[in-house]
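One structure is given here, and the rest of the page talks about it.
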Amino acid sequence: MQQEQFDLNAPYDPAAAEEGASATAGTPLAEDEDKATKDAMIEALRTVFDPEIPVNLYDLGLIYDIEQKENGDVGILMTLTTPACPVAGQMPGQVAQTVAAVDGVGAVQVTLTWNPPWTPEQMSDDARLILGF
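Read in order, the letters of the sequence shown are residues 924 to 1056 in the numbering used here.
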(Lines of atoms letter the chains of each structure in order from A and count residues from 1; the text may use other names and numbers.)
(Lines give C-alpha, C1' and ligand atoms only; values in the text may rest on other atoms or scores of the structure.)
Protein backbone atom coordinates (compact mmCIF):
# COMPACT_ATOMS: atom_id res chain seq x y z
CA MET A 1 0.00 0.00 0.00
CA GLN A 2 1.52 3.30 -1.06
CA GLN A 3 1.42 6.34 1.19
CA GLU A 4 -0.66 9.16 -0.22
CA GLN A 5 0.37 12.79 0.10
CA PHE A 6 -2.28 15.28 1.19
CA ASP A 7 -2.32 18.96 0.35
CA LEU A 8 -3.53 20.92 3.37
CA ASN A 9 -4.07 23.94 1.12
CA ALA A 10 -6.41 22.09 -1.25
CA PRO A 11 -9.90 23.55 -1.62
CA TYR A 12 -12.68 22.19 0.59
CA ASP A 13 -14.30 19.09 -0.87
CA PRO A 14 -17.70 18.29 0.72
CA ALA A 15 -17.54 14.66 -0.46
CA ALA A 16 -14.34 14.16 1.56
CA ALA A 17 -16.23 15.14 4.71
CA GLU A 18 -19.07 12.66 4.25
CA GLU A 19 -19.88 10.09 6.93
CA GLY A 20 -17.65 7.06 6.37
CA ALA A 21 -15.07 8.82 4.21
CA SER A 22 -11.69 7.23 4.82
CA ALA A 23 -7.98 7.56 4.19
CA THR A 24 -5.28 4.92 4.22
CA ALA A 25 -1.51 4.92 4.62
CA GLY A 26 1.28 2.52 5.48
CA THR A 27 2.17 -1.02 4.55
CA PRO A 28 1.57 -4.38 6.24
CA LEU A 29 4.11 -5.43 8.86
CA ALA A 30 6.47 -8.31 8.36
CA GLU A 31 5.35 -11.36 10.36
CA ASP A 32 8.29 -11.13 12.75
CA GLU A 33 8.04 -7.36 13.33
CA ASP A 34 7.02 -6.15 16.80
CA LYS A 35 3.74 -4.24 16.98
CA ALA A 36 3.59 -0.68 18.27
CA THR A 37 1.89 0.08 21.55
CA LYS A 38 -1.30 2.10 21.72
CA ASP A 39 0.63 4.69 23.74
CA ALA A 40 3.10 5.13 20.86
CA MET A 41 0.22 5.74 18.45
CA ILE A 42 -1.40 8.23 20.83
CA GLU A 43 1.92 10.07 21.19
CA ALA A 44 2.10 10.35 17.39
CA LEU A 45 -1.51 11.57 17.24
CA ARG A 46 -0.60 14.33 19.66
CA THR A 47 1.59 15.82 16.91
CA VAL A 48 -1.39 16.38 14.57
CA PHE A 49 -3.07 19.76 14.91
CA ASP A 50 -6.05 21.41 13.29
CA PRO A 51 -4.47 24.49 11.68
CA GLU A 52 -7.07 26.74 13.32
CA ILE A 53 -6.90 25.35 16.87
CA PRO A 54 -3.70 25.26 18.98
CA VAL A 55 -4.52 21.84 20.47
CA ASN A 56 -3.75 18.42 18.99
CA LEU A 57 -6.53 16.23 17.60
CA TYR A 58 -6.20 13.60 20.32
CA ASP A 59 -6.60 16.04 23.22
CA LEU A 60 -9.44 17.78 21.40
CA GLY A 61 -11.29 14.47 21.68
CA LEU A 62 -11.53 13.98 17.92
CA ILE A 63 -10.13 10.43 17.97
CA TYR A 64 -12.99 8.13 18.95
CA ASP A 65 -11.32 4.74 18.61
CA ILE A 66 -7.95 3.14 17.84
CA GLU A 67 -8.12 -0.56 17.01
CA GLN A 68 -4.94 -2.53 16.39
CA LYS A 69 -5.37 -5.87 14.67
CA GLU A 70 -3.26 -8.97 15.32
CA ASN A 71 -1.25 -8.33 12.13
CA GLY A 72 -0.34 -4.77 13.22
CA ASP A 73 -2.81 -2.97 10.96
CA VAL A 74 -4.68 -0.14 12.65
CA GLY A 75 -8.19 1.23 12.28
CA ILE A 76 -8.97 4.69 13.61
CA LEU A 77 -12.41 6.25 13.93
CA MET A 78 -12.33 10.02 14.16
CA THR A 79 -14.46 13.10 13.84
CA LEU A 80 -13.83 16.81 13.43
CA THR A 81 -15.29 19.79 15.22
CA THR A 82 -17.72 20.39 12.34
CA PRO A 83 -18.49 18.92 8.91
CA ALA A 84 -17.80 22.38 7.47
CA CYS A 85 -14.21 22.25 8.73
CA PRO A 86 -12.07 23.56 5.85
CA VAL A 87 -9.53 20.73 6.32
CA ALA A 88 -12.10 17.94 6.70
CA GLY A 89 -10.84 16.23 3.57
CA GLN A 90 -7.20 16.36 4.61
CA MET A 91 -7.21 15.55 8.33
CA PRO A 92 -8.01 11.81 8.04
CA GLY A 93 -5.11 11.46 5.60
CA GLN A 94 -2.76 13.34 7.86
CA VAL A 95 -3.82 11.13 10.81
CA ALA A 96 -3.30 7.98 8.71
CA GLN A 97 0.18 9.08 7.60
CA THR A 98 1.23 10.07 11.10
CA VAL A 99 0.19 6.79 12.71
CA ALA A 100 1.58 4.73 9.81
CA ALA A 101 4.99 6.34 10.45
CA VAL A 102 5.15 4.83 13.96
CA ASP A 103 7.50 1.85 14.16
CA GLY A 104 5.46 -1.32 14.48
CA VAL A 105 2.33 -0.04 12.76
CA GLY A 106 1.14 -1.72 9.59
CA ALA A 107 -1.47 -0.38 7.22
CA VAL A 108 -3.70 2.32 8.71
CA GLN A 109 -7.27 3.14 7.79
CA VAL A 110 -8.84 6.27 9.24
CA THR A 111 -12.61 6.62 8.96
CA LEU A 112 -14.47 9.87 9.48
CA THR A 113 -17.73 9.88 11.44
CA TRP A 114 -20.13 12.57 12.55
CA ASN A 115 -21.98 10.38 15.05
CA PRO A 116 -21.80 11.17 17.85
CA PRO A 117 -21.11 14.80 17.03
CA TRP A 118 -18.09 16.35 18.69
CA THR A 119 -18.69 18.60 21.69
CA PRO A 120 -16.21 20.60 23.80
CA GLU A 121 -16.85 18.20 26.70
CA GLN A 122 -14.77 15.61 24.82
CA MET A 123 -11.58 17.65 25.24
CA SER A 124 -8.91 16.67 27.73
CA ASP A 125 -8.38 18.88 30.77
CA ASP A 126 -5.17 20.18 29.18
CA ALA A 127 -7.03 21.17 26.01
CA ARG A 128 -9.70 22.97 28.01
CA LEU A 129 -7.04 24.90 29.89
CA ILE A 130 -5.24 25.93 26.69
CA LEU A 131 -8.50 27.04 25.05
CA GLY A 132 -9.83 28.77 28.17
CA PHE A 133 -12.83 26.49 28.80
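Every residue, glycine too, gets a C-beta built ideally from N, C-alpha and C.
Annotation for V971: N979, L980, Y981, M1014, Q1017, V1018 and T1021 place their beta carbon closer than 8 Å to its own, counting only its chain and skipping 5 residues before and after. Here the C-alpha atom of Q1032 lies approximately 24 Å from the C-alpha atom of T1042.
Here the C-alpha atom of E941 lies approximately 23 Å from the C-alpha atom of G949.
For the pair G995 and L952, the CB atoms are nearer than the 8 Å cut-off. If you ignore the 5 residues before and after I965, its C-beta comes within less than 7 Å of the C-beta of Y981, all in its own chain and listed in chain order.
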